Every structure is written in structure tokens, then in C-alpha cells.
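These notes concern the structure reproduced below.
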Amino acid sequence: MNTSESSVRDRLCEALREREEEIADRWVRLQLEQAVLSTDMSEHEVREEADLLISALASGLASDVPVERLVASRNELRQTVIELSLRRARAGASPTATSMAVLSLKEALLSAVQHTTRDSAELFSAAILVNRLLDAAGVLSFETYVEGREEIIQRQSRQLLEVSTPVVRLWRHVLAVPLIGTLDTARTQVVMESLLQAIQDDEAQVAIIDITGVPAVDTAVAQHLMHTVNAVRLMGADCVISGIRPPIAQTIAQLGIDLSTILTRATLADALGAAIQLTDQPAVDAGTARPVTA
Amino acid sequence: MTAPHATGVPILRLGDVLVTGLLNELDDQSAVAFTDELTERIAADGARGVLIDISRLEIIDSFVARTLMELTTMARLLGARVIVAGMRPAVAITLVELGLRLTGVETALNAEQGLTALGWHRMPQPAGEVRRDARR
Numbered sequence: 001m002n003t004s005e006s007s008v009r010d011r012l013c014e015a016l017r018e019r020e021e022e023i024a025d026r027w028v029r030l031q032l033e034q035a036v037l038s039t040d041m042s043e044h045e046v047r048e049e050a051d052l053l054i055s056a057l058a059s060g061l062a063s064d065v066p067v068e069r070l071v072a073s074r075n076e077l078r079q080t081v082i083e084l085s086l087r088r089a090r091a092g093a094s095p096t097a098t099s100m101a102v103l104s105l106k107e108a109l110l111s112a113v114q115h116t117t118r119d120s121a122e123l124f125s126a127a128i129l130v131n132r133l134l135d136a137a138g139v140l141s142f143e144t145y146v147e148g149r150e151e152i153i154q155r156q157s158r159q160l161l162e163v164s165t166p167v168v169r170l171w172r173h174v175l176a177v178p179l180i181g182t183l184d185t186a187r188t189q190v191v192m193e194s195l196l197q198a199i200q201d202d203e204a205q206v207a208i209i210d211i212t213g214v215p216a217v218d219t220a221v222a223q224h225l226m227h228t229v230n231a232v233r234l235m236g237a238d239c240v241i242s243g244i245r246p247p248i249a250q251t252i253a254q255l256g257i258d259l260s261t262i263l264t265r266a267t268l269a270d271a272l273g274a275a276i277q278l279t280d281q282p283a284v285d286a287g288t289a290r291p292v293t294a
Numbered sequence: 001m002t003a004p005h006a007t008g009v010p011i012l013r014l015g016d017v018l019v020t021g022l023l024n025e026l027d028d029q030s031a032v033a034f035t036d037e038l039t040e041r042i043a044a045d046g047a048r049g050v051l052i053d054i055s056r057l058e059i060i061d062s063f064v065a066r067t068l069m070e071l072t073t074m075a076r077l078l079g080a081r082v083i084v085a086g087m088r089p090a091v092a093i094t095l096v097e098l099g100l101r102l103t104g105v106e107t108a109l110n111a112e113q114g115l116t117a118l119g120w121h122r123m124p125q126p127a128g129e130v131r132r133d134a135r136r
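Respectively, the protein sequence lines represent chains A and B.
Read left to right, the first sequence gives residues 1 to 294 (the UniProt record's numbering).
Read left to right, the second sequence gives residues 1 to 136 (the UniProt record's numbering).
Written out as C-alpha cells, the structure is:
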């Protein structure tokens, strides 16, 4: 068994080397026929990929690593499959198309082997060998594809988090956070962290949370808002919530959410006015001691 | 005199305001000692305000939170107003997430603002005043 496997492997290797051009041609043609290629990739690029993968396969088969682990352990081969898959993922090919493209290499390889032998037993074991080898490659390409997509999604959601929570300084000792989009636990966390840090850095006395861009307020969102307000108060600053539109005021009242302990205003302008008043009060007291009050 | 010295936290008097702080390791014993010492000092000095700086605290658990609330109540009974100043952002977030409320405790951003709220103002330094230092 072992000897026959190695002889089949030798034969496959030989076929790969001798008929490299032919296999690559056939593979490219197969992919074009199956229409698994997206329009973004030219035939030339596909051909280049094919050459790379076939030479990586040939050198992998020439080594003495077992076929099943060939794709996983041969670095060159692994890298080639990963790159192929990533390139297609970026070009917008579907995951099915990507792994089907890798799997269609089976047919090209087998037809090349068919030319070298007439022995059906040998051909059968060659087919099994090719199957094992390229199934692993197909799975790897699928996995890489999914990972690549996953990474893009994560990066985008991270960017979204950062972009949507800027803390701006509106006045001396007054900060504002315009919230846009729905408020969930993760975003509350980010808002809270950046707001509290900004309060500490700027020695702000009032923080305005503007919810004009928040489409709806339910009990969960109100809970998150209360948390943020409480944290701001613990820091020793005051909090004003602004941008409460009439429909949102109605929802809040109907849901029985108690925001009575929080200073609220309809517009950001009103909130800024209230905030300046809040910061002015201690400054007026201190006016007797502090000569410079503009 | 009982001389409670177990806490090792200084309590300074600035006019009718007492200024003190909490350090990171606050166990049952030192909390009791600190409470004892502070209430004694409030009564003895007739303090009207107390500023507790907690900018060194990296974590506030339910025990510390309760100690702070109790101190506030005790001081109020003795006629003094307590302000807790300088809580770190991370500590505030943890407190809120744990659902711990410092009910009745007044807070300030830092010691300076806390003292201002207690009515203690920095005097403008008169020009030409000679500074005193230890070497003279």
C-alpha cells in the first residue's frame, strides 16, 4: 500500500512537471467555463495564479510530507492558496466560487494523469490522492476567505464606533458629545470612556449629551444614558441631555422612564445656554477672589 | 488622648475646611480608624467642610463606597459638608457598571474645584511679599 502510494505520488509529480502548461491551461479554461470567476480578474492573472499553485504543488509532492497534511504544513503551498483566496475575496468573488475554483483543479490534474497511465487501479489511487490533496486546499481557501471577510467587518465596525463618538469642546469648561445612531452597550462604553477622559483632561464642569441623531429611545437606551450621566456626576461634573425631539419626549413619557433627575433641553443651543449658566455660578462666587474674570 | 494613627493619612486644616485623602489599600481596620480620626477632627476643629481626595484610588468596591457614604452622613450630623474629589474615569465607569451609587455624596472634578465649592478661595498673592522657605 505504502509503496504503491509513493509510486502514484511519483507519477503525479512527474505528470505535474511534464505537463505543467497543459494542466494550467485546462484549469484556467475550466474556471472560465464554470463562470466561477468574477469580472475583475483577467485571464492573464488567473493564468499566473495557476502557474504558481501548480509549481507549489509539484514541489510539495516531491517532499515526504503525507498528502493530507501537505497543504497545512508546506509553507509555500499554504501561502499560495491563502493568497489566491484573499485576492478573490477582495475582487468580490463568492465563497462558493472561490473554493470551487480550487476544487476544479482536480479535474485538470486527473486528466493529465490519465494520459500517462492506462492502469485503472493506479488511476483510481491517483484520484484518491488528488482528492485528499485538493480537498484540503479547498477547505483552506474557504476558511481564508471567511477570515478575510470577518476582518473587514471587524475593522469597519471599529471605525464606525470611533467615528461616531467625538467629544467636542463647546465653551470654557463645557464639553458635548453628539450621539448618532442607536446606543447599545458597546457604544455606551466607548462614549463613557472618551467623555470621562475628556472631562478629566479639560477640567470640564458640564457635559452635554446631544441625542438629536438617536432615532429612538427605549428603556435600554435610557438605561445607558442614565449610566453615563451617573458616571459623569461621580467625576464631579454636571450633565445636560439635549436634542430630545417631541416624538422621543412622548415615548419617554409613555414608557414611564424617569429622567427627572437629569437636566434636559430640547436643542443643543438651549443646553449650551444652561451649561454656561451652570459654569458661571461658581465663577461669580469666585469673582471676589479671582481678579481676572472676563 | 487616644491618638489614632493607624491610617497614616494626613488631615490638613485650611481655615474651617479639612483636607484629606484616601490611599489604595483601605481595609476594615484602617477605614474604622480613618472614620474615627476624621469625625474627632471635625468636632474638635469645628470644621464646616471636608474635602476627601480619592485621585489615588484605582478601584472603589462596595466597602469603600459605603465608607464614603457613611462619612458623608456622619460629617453632616456634625455640621460639615463633605466633597469627594478627583475620581478617576475608570473608577467612575466601574462604579456605574456595578450599580453602586454614592447616594448623597457630593463630588468634584479635582481638589481645587472641591475647595472652591466649599467656599475656600485662593487669595491673590500680594506683590512683593517675601516667600518663606525652610532654609531662611
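We put the beta carbon where it would ideally sit given N, CA and C, even for glycine.
Values in this document were obtained by computation on a predicted structure and should not be read as measured data.
Straight-line Cα distance separating I42/B from residue 140/B = With chain B represented from 1 up to 136, any question about residue 140/B goes unanswered, as that position is not in the structure.
What residue from F34/B, Q29/B, V17/B, E97/B has the CA that sits closest to I59/B's CA?
-> For the purposes of this step, residue 59/B is taken as the residue at position 59 of the second sequence. If we check each option's Cα against that of I59/B, E97/B comes out closest.
Go through its chain and collect everything with a Cβ distance to L30/A's Cβ below 7 angstroms, but skip five positions before and after it.
-> Against the first sequence, residue 30/A aligns to sequence position 30. Same-chain partners within the cutoff: S104, E107, A108.
Can you have a look at A289/A and say buried or exposed, based on whether 16 or more other CB atoms are within 10 angstroms of its CB?
-> Position 289 of the first sequence, counted from the first residue, corresponds to residue 289/A. Here A289/A scores only 36 on pLDDT, less than 50, and its place in the model should not be relied on; the value that follows carries that caveat. With fewer than 16 other Cβ atoms within 10 Å, it is exposed.
Thinking C-alpha only, which one of G148/A, E122/A, A207/A, T144/A is nearest H173/A?
-> In the first sequence, counting from the first residue as 1, residue 173/A sits at position 173. Considering only alpha carbons, the answer is A207/A.
Inter-stretch contact at 8 angstroms, needing at least 3 Cβ pairs: the stretch 66-78 of chain B / the stretch 194-213 of chain A | Because the criterion of three Cβ pairs below 8 angstroms is not met, the stretch 66-78 of chain B and the stretch 194-213 of chain A do not touch.
CB I209/A to CB C239/A, shorter than 8 angstroms?
-> Counting from 1 along the first sequence, the entry for residue 209/A is found at position 209. Counting from 1 along the first sequence, the entry for residue 239/A is found at position 239. Yes, the Cβ-Cβ distance between I209/A and C239/A is below 8 angstroms.
Taking just the CA atoms, how far does L70/A sit from Q189/A?
-> As a first step, residue 189/A is located in the first sequence; it is residue number 189 there, counting from the start. As a first step, residue 70/A is located in the first sequence; it is residue number 70 there, counting from the start. Going by C-alpha positions, Q189/A is about 46 angstroms away from L70/A.
Is there a Cβ from chain B that is less than 8 angstroms from the Cβ of I152/A?
-> In the first sequence, the residue the question calls residue 152/A occupies position 152. It does not; no Cβ of chain B falls within 8 angstroms.
Report, in whole angstroms, the separation of the C-beta atoms of I257/A and I241/A, which I expect to be a contact under 8 angstroms.
-> Taking the first residue of the first sequence as position 1, residue 257/A is located at position 257. Taking the first residue of the first sequence as position 1, residue 241/A is located at position 241. With a Cβ gap of about 12 angstroms, I257/A and I241/A do not count as contacting.
Quick one: Cα of G114/B to Cα of G15/B, how far?
-> Reading the second sequence from its first residue, position 114 is the one you call residue 114/B. Reading the second sequence from its first residue, position 15 is the one you call residue 15/B. The straight-line gap from Cα to Cα measures roughly 15 angstroms.
Selection from T116/B, E106/B, E112/B, I54/B that minimises the alpha carbon distance to G236/A = Position 236 of the first sequence, counted from the start, is the residue given in the question as residue 236/A. E106/B is the residue among T116/B, E106/B, E112/B, I54/B whose C-alpha sits nearest the C-alpha of G236/A.
When you compare each of V50/B, G86/B, Q29/B, M74/B to residue 137/B by their alpha carbons, which one comes out closest?
-> With chain B covering only 1 through 136, there is no way to say anything about residue 137/B.
What is the DSSP secondary structure of W120/B, reduced to helix, strand or coil?
-> Position 120 of the second sequence holds residue 120/B. Correct three-state label for W120/B: coil.
Run through DSSP, which three-state label would T103/B get?
-> Here residue 103/B refers to the residue found at position 103 of the second sequence. Note: T103/B maps to coil in three-state DSSP.
Closer than 8 angstroms at the beta carbon, the chain A residues around A108/B = In the second sequence, residue 108/B corresponds to position 108, counting from 1. Those within 8 angstroms of A108/B in chain A are G236.
What residue from L161/A, V191/A, V217/A has the CA that sits closest to T251/A's CA?
-> Along the first sequence, one-based indexing puts residue 251/A at 251. The shortest Cα separation from T251/A among L161/A, V191/A, V217/A belongs to V217/A.
Can you find a C-beta in chain A that's less than 8 angstroms from the C-beta of I11/B?
-> Within the second sequence, numbered from 1, the residue matching residue 11/B stands at position 11. Taking Cβ atoms only, chain A never reaches closer than 8 angstroms to I11/B, which makes this a no.
Contact list for the stretch 87-106 of chain B against chain A, Cβ threshold 7 angstroms = Taking 7 angstroms as the upper bound on Cβ-Cβ separation, chain A lies near residues M87, P89, A92, I93, L95, V96, L102 of the stretch 87-106 of chain B.
Could you tell me whether any Cβ in chain A is nearer than 8 angstroms to the Cβ of A85/B?
-> Residue mapping note: residue 85/B aligns to position 85 of the second sequence, counting from 1. Judged by the 8 angstroms Cβ criterion, A85/B is in contact with chain A.
Check the DSSP bridge columns for Q171/A and list the partner residues they point to.
-> The residue you call residue 171/A lines up with position 171 of the first sequence. According to the sequence displayed, residue 171/A carries Trp and not Gln. For W171/A, the pairing in a beta bridge is given by DSSP as V174/A.
Use the C-beta contact count for N75/A: other C-beta atoms within 10 angstroms, 16 or more gives buried, fewer gives exposed.
-> Here residue 75/A refers to the residue found at position 75 of the first sequence. Burial check for N75/A: the Cβ neighbour count within 10 Å stays below 16, so the residue is exposed.
Cα separation between A245/A and E203/A?
-> Within the first sequence, the letter at position 245 stands for residue 245/A. Within the first sequence, the letter at position 203 stands for residue 203/A. The residue asked about is misnamed: residue 245/A is Arg in this sequence, not Ala. The C-alpha of R245/A lies about 30 angstroms from the C-alpha of E203/A.
Just the Cα atoms here: how many angstroms apart are F124/A and E143/A?
-> Locating residue 124/A in the first sequence gives position 124, counting from the first residue. Locating residue 143/A in the first sequence gives position 143, counting from the first residue. F124/A and E143/A: Cα-Cα distance of roughly 28 angstroms.
Comparing alpha-carbon positions, which option in S59/A, T116/A, L53/A lies nearest S85/A?
-> Reading the first sequence from its first residue, position 85 is the one you call residue 85/A. Checking every option, the nearest Cα to that of S85/A belongs to L53/A.
Return no unless some Cβ of chain B is closer than 8 angstroms to the Cβ of L196/A.
-> The residue labelled residue 196/A in the question sits at position 196 within the first sequence. Yes - at least one Cβ of chain B is within 8 angstroms of the one on L196/A.
Kindly indicate if chain B contains any beta-carbon less than 8 angstroms away from that of R233/A.
-> Start at 1 with the first residue of the first sequence, and residue 233/A comes out as number 233. It does: the Cβ of R233/A has a partner Cβ on chain B nearer than 8 angstroms.
Beta strand (DSSP E) segment containing D258/A, residue limits | Taking the first sequence and counting its residues from 1, one reaches residue 258/A at position 258. If you look at D258/A, you'll find it isn't in any beta strand (DSSP E); DSSP assigns it neither H nor E.
Close Cβ partners of R132/A (< 6 angstroms) along its chain, the five nearest in sequence each way excluded = Walking along the first sequence from the start, residue 132/A turns up at place 132. Close CB contacts of R132/A within its chain, under the 6 angstroms cut and outside five residues either way in sequence, are with V67, E68 (chain order).
Closer than 8 angstroms, CB to CB, is I276/A near chain B or not?
-> Position 276 of the first sequence, counted from the first residue, corresponds to residue 276/A. No, no contact with chain B.
Taking C-beta pairs closer than 8 angstroms, name the residues in chain A that Q29/B reaches, listed in chain order.
-> For the purposes of this step, residue 29/B is taken as residue 29 along the second sequence, with counting starting at 1. What Q29/B touches in chain A: nothing, since even the nearest Cβ is about 26 angstroms away.
Span separating the alpha-carbon of W120/B from that of M226/A = Within the second sequence, the letter at position 120 stands for residue 120/B. Within the first sequence, the letter at position 226 stands for residue 226/A. Spanning the two alpha carbons is a distance of roughly 32 angstroms.
Count the other C-beta atoms from every protein chain shown that fall within 10 angstroms of the C-beta of Q254/A, then say buried if there are 16 or more, exposed otherwise.
-> Walking along the first sequence from the start, residue 254/A turns up at place 254. With fewer than 16 other Cβ atoms inside 10 Å of its own Cβ, Q254/A counts as exposed.
Interface partners of I199/A on chain B, CB under 9 angstroms = Indexing the first sequence from 1 puts residue 199/A at position 199. The contacting residues are P89, L109.
Chain-ordered neighbours of H227/A on chain B, where CB pairs are closer than 7 angstroms | Counting from one through the first sequence, the residue named residue 227/A turns up at place 227. For H227/A, the residues of chain B that pass the 7 angstroms Cβ criterion are V96, in the order they occur in the chain.
Spell out the partners DSSP gives T20/B in its beta bridges.
-> Here the question's residue 20/B lines up with position 20 in the second sequence. Bridge partners of T20/B according to DSSP: I52/B.
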